[in-house]
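Worksheet: the structure to be examined is printed underneath.
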Amino acid sequence: GAVVSQHPSWVICKSGTSVKIECRSLDFQATTMFWYRQFPKQSLMLMATSNEGSKATYEQGVEKDKFLINHASLTLSTLTVTSAHPEDSSFYICSAKTGGYEKLFFGSGTQLSVL
Amino acid sequence: RKEVEQDPGPFNVPEGATVAFNCTYSNSASQSFFWYRQDCRKEPKLLMSVYSSGNEDGRFTAQLNRASQYISLLIRDSKLSDSATYLCVVNINTGFQKLVFGTGTRLLVSP
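Chains C and L, in that order, give the protein sequences. Here the first sequence is numbered in the working numbering, starting from 972 and rising by one per residue. Here the second sequence is numbered in the working numbering, starting from 3 and rising by one per residue.
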């Protein structure tokens, strides 16, 4: 099946620094990728929909200037958490679909810990 | 009201037991439905899509009741490896399509 690679798997950073997370579709082209955040014992919350070659669509309550999304190619989307704070500590996960939602593939996730 | 609601559990069952999870959704315009499995700190993996007529995949059976806006997952002959969190996922169409995830139901299968 299709593979989505996400890096890094985990990152620890100091408060105020920026962190970039990469999401790559390895064997298919993804015009649309999705970024989610999951706090402990909570559901995956969609943060934004990343569209290749255009601006991302952010969900209500998600700060677009804090969570920068770039989808410059059909196989790569990046999420940059700018000026990270401890409350940004969470599990971030990307996904991409090749057709309908029954063909949705997830990256392995990134555990971000901000000290 | 949450768009997708699940009992968080945990459901503690012995090996070999049959267990059922329920899920309700609030948006009647929801188009497609899925059950995902998520292990701790891992990505969700599609378990099965849910069709109006109900569908079965081995020990797993999914049912959809559109009138009651209710989805279920039945696991027969539980295995230790079934221990995980099961996410009810709904594709909601509010002008554009969006997947909404439930908080998940945790299952613990013991020897």
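Think of the CB as a built atom: it goes at the ideal place given N, C-alpha and C, for glycine as much as any other residue.
Taking 9 Å as the Cβ-Cβ cut-off, the segment 42-53 of chain L approaches chain C at R43, K44, E45, P46, K47, L48, S51, given in chain order. Taking C-beta atoms as the reference points, I1040(C) and W1006(C) count as a pair closer than 8 Å.
Listed along chain L are R43, each with a C-beta nearer than 9 Å to that of F1062(C).
The shortest C-alpha to C-alpha distance from E5(L) to any of F13(L), Y72(L), S85(L), R78(L) is the one to Y72(L). Going by C-alpha positions, E993(C) is about 36 Å away from G60(L). For G1024(C), the nearest beta carbon of chain L is not closer than 8 Å to its own beta carbon.
D1059(C) sits in a helix when the DSSP states are folded into three classes. Ranked by Cα distance from V1085(C), the first of Y1063(C), T1002(C), T1003(C), S1014(C) is Y1063(C).
If you compare the alpha carbons of P113(L), N57(L), L89(L) with that of L82(L), the shortest gap goes to P113(L). With the criterion set as a beta carbon lying under 7 Å from some beta carbon of chain C, the members of the segment 99-110 of chain L are K100, L101, F103, G104, T105, G106, in sequence order.
Between L997(C) and chain L, the shortest Cβ-Cβ separation is not below 8 Å.
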